[in-house]
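Here is the structure we will look at, set down as structure tokens.
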Amino acid sequence: MNIGVLAVQGDFAEHCHVLRTIGATAIEVRLPDHLAGLDGLIIPGGESTTLSRLMSLYGLREPVARMASSGKAVWGTCAGMIMLANEITEADPVPLQLMDVGVQRNAFGRQVDSFEQALAIRGFGDDEYHGIFIRAPVIIRVGAGVDVLAALPDGRPVAVQQGKLLATSFHPELTADARVHRYFVALAGGPSFDPDAPAIAAPRVR
Ligand code: GLN
Numbered sequence: 057m058n059i060g061v062l063a064v065q066g067d068f069a070e071h072c073h074v075l076r077t078i079g080a081t082a083i084e085v086r087l088p089d090h091l092a093g094l095d096g097l098i099i100p101g102g103e104s105t106t107l108s109r110l111m112s113l114y115g116l117r118e119p120v121a122r123m124a125s126s127g128k129a130v131w132g133t134c135a136g137m138i139m140l141a142n143e144i145t146e147a148d149p150v151p152l153q154l155m156d157v158g159v160q161r162n163a164f165g166r167q168v169d170s171f172e173q174a175l176a177i178r179g180f181g182d183d184e185y186h187g188i189f190i191r192a193p194v195i196i197r198v199g200a201g202v203d204v205l206a207a208l209p210d211g212r213p214v215a216v217q218q219g220k221l222l223a224t225s226f227h228p229e230l231t232a233d234a235r236v237h238r239y240f241v242a243l244a245g246g247p248s249f250d251p252d253a254p255a256i257a258a259p260r261v262r
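Numbering (this note's numbering), first residue to last: 57 to 262.
Dropping the structure here:
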């Protein structure tokens, strides 16, 4: 499976590492040409205002939107989730408007208010997922065709899926648990997702 990771800003290297540990081919995407032949694309966490500007500068908005509307799997984590939203609570950044959700940036406060939270993810069995939230956004509106896969204890959704589009407020690429990456590779047409497969990705060596 060829999975692209948008590599203009943010923690793309960590996503590439997890993808490789689960046997997918990770391809860094910096220009529209790099999208050719991909089975799926991950938009990583980082800073969505910067991501938004760089996607415009490198002409990536249209091609990424076309890829999503042609039925390819696209997953946004954190800032990537902000980019996938239909609307956000501020004028900047300008999201790609691919998923029928509304998102609030920095919903938990500043960097020091980052936190970790065990999450029950739909379809992942009894083992909770360790969610790492870094100056994270939250989903404040969920459209009719959107499934909530995980929510915080207060009920606010933090993982959603609409067809082959996936969005998470948290950072699965920063844990040793590759289940969300496996789930996404399955969405992109890879081996079907097995929640009982060994959950541990090899630690990243820099
Ligand atoms: N706070 C960032 C933003 O609004 C997102 C942070 C992240 O991706 N970890 O874009």
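Don't be surprised by glycine CBs; every beta carbon is placed ideally from N, CA and C.
{"Check": "I'd like to check one pair, I98 with H73: are the Cβ atoms closer than 7 Å?", "Outcome": "no"}
{"Check": "I want to know whether the region 135-155 touches the region 178-190 - three or more CB-CB distances under 8 Å.", "Outcome": "no"}
{"Check": "In whole angstroms, give me the CA-to-CA distance for N142 and R122.", "Outcome": "15 Å"}
{"Check": "With 16 as the cutoff for other CB atoms within 10 Å, does Q65 come out buried or exposed?", "Outcome": "buried"}
{"Check": "Taking 8 Å as the limit between beta carbons, can you name the residues of its chain near S108, skipping five residues before and five after?", "Outcome": "M139, D148, P149, V150 and P151"}
{"Check": "Would DSSP call I78 helix, strand or coil?", "Outcome": "coil"}
{"Check": "Leaving aside the five residues before and after W131 along the sequence, list all residues of the same chain whose C-beta is less than 6 Å from its C-beta, in chain order.", "Outcome": "I98, L222 and F240"}
{"Check": "List the endpoints of the continuous beta strand (DSSP E) containing A129.", "Outcome": "A129 to T133"}
{"Check": "Quick check: the Cα distance between A200 and Q217, rounded to an integer number of angstroms?", "Outcome": "11 Å"}
{"Check": "Would you call the CB atoms of I78 and H227 closer than 7 Å?", "Outcome": "no"}
{"Check": "Using DSSP with H/G/I as helix, E/B as strand and the rest coil, what is L138?", "Outcome": "In the sequence as displayed, the identity of residue 138 is Ile instead of Leu. Helix at I138."}
{"Check": "How long is the line joining the alpha carbons of Q160 and P213, rounded to whole angstroms?", "Outcome": "12 Å"}
{"Check": "G102: beta carbon under 6 Å from a heavy atom of ligand 1?", "Outcome": "yes"}
{"Check": "I need the DSSP call for M123, collapsed to helix, strand or coil.", "Outcome": "helix"}
{"Check": "How long is the line joining the alpha carbons of G246 and E103, rounded to whole angstroms?", "Outcome": "29 Å"}
{"Check": "Report all residues from its chain with a CB closer than 6 Å to the CB of E172; omit the five preceding and five following residues, and keep chain order.", "Outcome": "I188"}
{"Check": "Using a Cβ-based criterion (distance less than 6 Å to any ligand heavy atom), does L175 qualify as near ligand 3?", "Outcome": "Questions concerning ligand 3 fall outside what the structure shown contains, since the ligands it does hold are ligand 1."}
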